[in-house]
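Novice: Numbering (the numbering used here), first residue to last: 4 to 149. For reference, the structure I am asking about is given below.
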Amino acid sequence: MSTNSRPYIFAIAILLAIFGFYNYVVYNTDGYVAVEKLSPMAVKGQQLFQNNRCWSCHQLYGLGGYLGPDLTNVYSAEGKGPTYIKAFLNSGVKSMPQFTFSEEEKNELVEYFKQVDETGIYPNYDAEIEATGWVKLKYRNETSEH
Ligand code: HEC
4 MSTNSRPYIF
14 AIAILLAIFG
24 FYNYVVYNTD
34 GYVAVEKLSP
44 MAVKGQQLFQ
54 NNRCWSCHQL
64 YGLGGYLGPD
74 LTNVYSAEGK
84 GPTYIKAFLN
94 SGVKSMPQFT
104 FSEEEKNELV
114 EYFKQVDETG
124 IYPNYDAEIE
134 ATGWVKLKYR
144 NETSEH
C-alpha cells in the first residue's frame, strides 16, 4: 500500500464511524417511530366503537358514515367531553340509537376518544366566506392565514 492512500482510508474509517453512530442513534431513540399506541383500555373502547357500528354514522378524521358528526375531537371540543359523550350513549338522540353500555364500557369509549383526540385536529381549518364570494381557509393552531 502506498503511503499517500492512508489519508483516504482514514477519512473512510471516520465516515463509517459517523454512519454507524448515526444509525445507532436513529434506531435506538425512543419515540423516533411516530406510531401512536392505544392503551389497553382505549383498545377496548375501539372494539366497542367497531362492534357497535358507530362508524356507520360517525367519522374519525373524516372517514366513516355521514349521518352523525365527526368524533375526532369530541373529547376536547368546547362544551363537550366525557359527560357529554356519555349522555349521548345513555339517551341516544334523533337517528342515534340508545345504547345500553355498562359504566366500564362507557369509560372505555371515552378513553378511546381521548386518545384519538390527542393524535391531532380534524378538520384543521375553518372556512370563511369573504364578501368577494371567495373562500378563505384559516388553519387552526396557526396565526398566519392561507
Ligand atoms: C344510526 C346512526 C348512529 C349510530 C349508529 C351512532 N350514532 Fe352517535 N350520533 C348520531 C347522530 C345523528 C348524532 C347527532 C345528534 C345531534 O346532535 O343532533 C350523534 C351524536 C353523537 C355524539 C355527539 C357528537 C357531537 O359532537 O355532538 C357522540 C359522542 C356520539 N354520537 C357517539 C356515538 C357512539 C360512541 C356510537 C357507537 C356506540 C354512536 N354514536 C352510534 C348517529 C349515530
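Idealized CB from N, CA, C, for every residue including glycine.
Candidates Gln118, Lys109 and Phe22: which alpha carbon is nearest Asn55's?
Specialist: Along the sequence shown, one-based indexing puts residue 55 at 52. When only C-alpha atoms are compared, the closest one is Lys109.
Novice: Just checking, does the segment 109-122 make contact with the segment 39-56 on the three C-beta pairs under 8 Å criterion?
Specialist: Taking 8 Å as the limit for Cβ pairs, the verdict is that the segment 39-56 does touch the segment 109-122.
Novice: Is the segment 113-122 touching the segment 65-81, taking contact as three or more C-beta pairs under 8 Å?
Specialist: Short answer: they touch.
Novice: From the DSSP output, which residues share a beta bridge with Ala130?
Specialist: Within the sequence shown, numbered from 1, the residue matching residue 130 stands at position 127. Paired residue(s): Leu140.
Novice: Given 8 Å as the limit, tell me if Ala80 has its C-beta closer than that to any heavy atom belonging to the ligand HEC.
Specialist: For the purposes of this step, residue 80 is taken as residue 77 along the sequence shown, with counting starting at 1. Answer for Ala80: yes, Cβ within range of the ligand HEC.
Novice: Mapping DSSP to helix, strand and coil, what is Gly67?
Specialist: In the sequence shown, counting from the first residue as 1, residue 67 sits at position 64. In this structure, Gly67 counts as strand in the three-state DSSP scheme.
Novice: Apply the 10 Å Cβ neighbour rule to Tyr115 and answer buried if 16 or more other Cβ atoms are within range, or exposed otherwise.
Specialist: The residue you call residue 115 lines up with position 112 of the sequence shown. Per the 10 Å Cβ criterion, buried.
Novice: From Asn73 to Ala134, what does the alpha carbon distance come to, in whole angstroms?
Specialist: Here residue 73 corresponds to residue number 70 of the sequence shown, with the count starting at 1. Here residue 134 corresponds to residue number 131 of the sequence shown, with the count starting at 1. In the sequence under discussion, the amino acid at residue 73 is Asp, which differs from the Asn named in the question. If I take the Cα positions, the gap works out to 29 Å.
Novice: Going by alpha carbons, who is nearest to Leu51 out of Glu107, Trp137, Ile124 and Ser94?
Specialist: Here residue 51 refers to the residue found at position 48 of the sequence shown. Cα-wise, what sits closest to Leu51 is Glu107.
Novice: In the DSSP assignment, what are the bridge partners of Gln118?
Specialist: Your numbering for residue 118 matches position 115 in the sequence shown. DSSP lists no partner for Gln118.
Novice: Measuring only the C-alpha atoms, how far is Ile12 from Leu19?
Specialist: Taking the first residue of the sequence shown as 1, we reach residue 12 at position 9. Taking the first residue of the sequence shown as 1, we reach residue 19 at position 16. Using only the alpha carbons, I get a separation of about 10 Å.
Novice: In whole angstroms, give me the CA-to-CA distance for Tyr128 and Lys40.
Specialist: Sequence index remark: in the sequence shown, residue 128 carries index 125 (1-based). Sequence index remark: in the sequence shown, residue 40 carries index 37 (1-based). If you take the alpha carbons of Tyr128 and Lys40, they lie about 26 Å apart.
Novice: Using a threshold of 9 Å, state whether the C-beta atoms of Leu70 and Ser98 are closer than that.
Specialist: For this step, residue 70 is matched to residue 67 along the sequence shown. For this step, residue 98 is matched to residue 95 along the sequence shown. Result yes, Cβ atoms of Leu70 and Ser98 sit closer than 9 Å.
Novice: Below 9 Å between beta carbons: does that hold for Phe125 and Tyr64?
Specialist: Locating residue 125 in the sequence shown gives position 122, where the first residue counts as 1. Locating residue 64 in the sequence shown gives position 61, where the first residue counts as 1. The sequence as given places Tyr at residue 125; Phe does not occur at that position. In this structure, Tyr64 lies closer than 9 Å to Tyr125 by Cβ.
Novice: Specify the secondary structure class of Gln49 as computed by DSSP and reduced to three states.
Specialist: Residue mapping note: residue 49 aligns to position 46 of the sequence shown, counting from 1. Helix, per DSSP.
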